[in-house]
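Chemist:
Residue numbers (the numbering used here): 45 to 181.
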């Protein structure tokens with residue numbers, strides 16, 4: 045056998061070995077990729093559970109806040125403190141000059157003290173008072 049003949053028989057074996065090596069490397073890469081994918085999926089699952097837990101907690105806190113702010117509970121707490129319901133609610137009309145003098149004497153503390161409500165119906169006054177007390181312009 046000549047050297048050329050032995051090389052002619054060897055190159056398919058070398059090529060087959062190289063292909064086998066590439067296939068094994070590809071399978072190893074696929075296994076590593078699948079492992080990374082599974083780990084990330086577990087982390088995503090944990091984050092989703094955490095988000096769901098916090099949403100439930102938020103709903104519970106919102107429910108508790110609604111209970112604490114309910115008029116029935118507030119009336120009961122006021123009654124426990126000895127408060128009684130007033131006969132009727134009335135709005136006091138203020139002279140604009142008297143208001144201006146009072147603001148001048150007291151000094152302006154912030155922008156909300158300059159927002160005086162004049163000539164509006166009671167429902168608009170109520171919404172304006174709520175908005176100003178919440179710090180909204």
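Glycine residues also receive a C-beta, built at the ideal position from the N, C-alpha and C atoms.
From which residue to which residue does the alpha helix (DSSP H) around residue 147 run?
Modeler: As a working mapping, residue 147 is identified with position 103 in the chain shown. Counting along the chain, the alpha helix (DSSP H) containing residue 147 begins and ends at 140-150.
Chemist: Quick check on DSSP: helix, strand or coil for residue 167?
Modeler: Stepping through the chain shown from its first residue, residue 167 is reached at position 123. Secondary structure of residue 167 (DSSP, three-state): helix.
Chemist: Taking just the CA atoms, how far does residue 92 sit from residue 142?
Modeler: Position 98 of the chain shown, counted from the start, is the residue given in the question as residue 142. Position 48 of the chain shown, counted from the start, is the residue given in the question as residue 92. Per the coordinates, the alpha-carbon of residue 142 lies some 60 Å from the alpha-carbon of residue 92.
Chemist: Compute the Euclidean distance between the alpha carbons of residue 133 and residue 102, then round it to the nearest angstrom.
Modeler: Residue mapping note: residue 133 aligns to position 89 of the chain shown, counting from 1. Residue mapping note: residue 102 aligns to position 58 of the chain shown, counting from 1. Cα to Cα, the separation comes out at about 36 Å.
Chemist: Leaving aside the five residues before and after residue 131 along the sequence, list all residues of the same chain whose C-beta is less than 6 Å from its C-beta, in chain order.
Modeler: The residue given as residue 131 occupies position 87 in the chain shown. Nothing listed; no residue qualifies.
Chemist: Using the three-state DSSP reduction, which class does residue 94 fall into: helix, strand or coil?
Modeler: Indexing the chain shown from 1 puts residue 94 at position 50. Helix, per DSSP.
Chemist: Three-state secondary structure (DSSP) at residue 134?
Modeler: Along the chain shown, read from residue 1 onward, the residue named residue 134 stands at position 90. In this structure, residue 134 counts as coil in the three-state DSSP scheme.
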